[in-house]
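Novice:
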Amino acid sequence: MVAVSTPRASNSRATQARGRARRAELLTAARQVLGELPLDQVGMAAVAEAAGIPLSSAYHFFGDIMDIWRELARTIATQQASEDLDLPPASSWQELIKASLIHHQSAFNKDPAARKLMLGPHTPPDIKSAACKEDFRFGTALWMAVKKQFLLPELADSRELFFKALLIADVFFSLSVAEHDQVTQEALDEAIMAVVSYLGIYLPPHLATRV
0 MVAVSTPRAS
10 NSRATQARGR
20 ARRAELLTAA
30 RQVLGELPLD
40 QVGMAAVAEA
50 AGIPLSSAYH
60 FFGDIMDIWR
70 ELARTIATQQ
80 ASEDLDLPPA
90 SSWQELIKAS
100 LIHHQSAFNK
110 DPAARKLMLG
120 PHTPPDIKSA
130 ACKEDFRFGT
140 ALWMAVKKQF
150 LLPELADSRE
160 LFFKALLIAD
170 VFFSLSVAEH
180 DQVTQEALDE
190 AIMAVVSYLG
200 IYLPPHLATR
210 V
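Written out as structure tokens, the structure reads:
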């Protein structure tokens, strides 16, 4: 039996699609405005104006500016984490970790909104907490990237292990952004050494590669 789409169902789908589009427009606008202004100076009115959406309508999609920042943090984390899965083949797990952190340094330095939101000193504690949870996406992606190329010992076959490793890198990245408004080469080098040293507690120097 062939399902027949009713006018009510079609209207509902169209409304949902418009709603998703409006949310995306607000997130894009928030990212744009945050790229130009400090985080603590960006409010719903500025985001709605940049998106060309009435303020009253903006509140229909996001309860307040903090909801936008939480959603934007998820969006940024998802984008960057997915790119870890496309890292090129590496000769060792240490080189793969290095490649991942270099990639994230570049991504944050090119995107002031991501830098301010995920690493900045003015990010409110609840957004910091949300960003920390999003770090789990980075950890999972890095774990999957390493598993894709190397055979992990059972003790180290844990996404939580890689999540904790990236929290260590986050400290160096955040301190650098607070002081220099970018992730410096020195901060990157320290993050690489710290993460490799931490993972080296659980991983042998050489891992067998997957065929």
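Okay, so the sequence shown: first residue is 0 according to numbering that gives the first Met the number 0, each after it adds one. The beta carbon of each residue, even a glycine, is placed where N, CA and C say it ideally should be.
According to DSSP, is Thr139 helix, strand or coil?
Specialist: helix
Novice: Take every Cβ of the stretch 191 to 203, pair it with every Cβ of the stretch 79 to 98, and state whether three or more of those distances are shorter than 8 Å.
Specialist: yes
Novice: Using three-state DSSP, classify Phe61 as helix, strand or coil.
Specialist: The three-state reading of DSSP puts Phe61 in coil, since its state is none of H, G, I, E or B.
Novice: Considering only the alpha carbon of each residue, which of Pro124, Tyr197, Leu187 lies closest to Glu159?
Specialist: Tyr197
Novice: Taking DSSP's pairing of strands, which residues face Thr208 in a bridge?
Specialist: Phe149
Novice: Let me confirm a value: Thr122 is counted as buried when at least 16 other C-beta atoms fall within 10 Å, else exposed. Which label applies?
Specialist: buried
Novice: Could you spell out the range, first to last residue, of the alpha helix (DSSP H) harbouring Pro111?
Specialist: 111 to 118
Novice: Sorted by chain position, which residues of the same chain lie with C-beta nearer than 6 Å to Phe137's C-beta, five sequence neighbours on each side aside?
Specialist: Excluding residues within five positions, the ones whose Cβ falls inside 6 Å are Ala80, Leu165.
Novice: Alpha helix (DSSP H) containing Ile200: first to last residue?
Specialist: Neither: Ile200 is in no alpha helix (DSSP H) and is coded neither H nor E.
Novice: DSSP three-state label for Val182, please.
Specialist: coil
Novice: Kindly confirm or deny that the stretch 141 to 148 and the stretch 168 to 180 touch, where touching means at least three C-beta pairs closer than 8 Å.
Specialist: They do not touch, by the three-pair rule.
Novice: Within the same chain, show all residues whose beta-carbon is closer than 7 Å to that of Thr74, passing over the 5 residues directly before and after it, in chain order.
Specialist: The residues Leu26, in chain order, have a CB closer than 7 Å to that of Thr74 in the same chain once the five nearest residues on each side in sequence are set aside.
Novice: Could you give the distance in angstroms between the alpha-carbon of Gly42 and the alpha-carbon of Ser56?
Specialist: 15 Å
Novice: Is it the case that the Cβ atoms of Leu154 and Tyr201 are separated by a distance below 7 Å?
Specialist: yes
Novice: Select from Gly18, Arg12, Ile126, Phe61 the residue whose C-alpha is nearest the C-alpha of Asp39.
Specialist: Ile126
Novice: Does the beta-carbon of Ala47 have 16 or more other beta-carbons within 10 angstroms, so that it is buried, or is it exposed?
Specialist: buried
Novice: My assumption, with CB atoms under 8 Å, is that Pro111 sits in contact with Gly34. Please give the rounded CB distance.
Specialist: Right, the Cβ-Cβ distance comes to about 5 Å (below 8 Å), so this counts as a contact.
Novice: Is it true that the CB of Phe107 sits closer than 7 Å to the CB of Val182?
Specialist: yes
Novice: What does the alpha-carbon distance come out to for the pair Trp68 and Pro53?
Specialist: 19 Å
Novice: With the cut-off set at 7 Å, would you say Val195 and Leu118 are in Cβ contact?
Specialist: Between Val195 and Leu118, the C-beta spacing is not below 7 Å.
Novice: Kindly indicate the opening and closing residues of the alpha helix (DSSP H) around Ala45.
Specialist: Looking at the DSSP string, the run of the alpha helix (DSSP H) that includes Ala45 is 43 to 50.
Novice: What would DSSP say about Ser157, mapped onto helix, strand or coil?
Specialist: In the structure shown, Ser157 sits in coil (DSSP, three-state: anything other than H, G, I, E or B).
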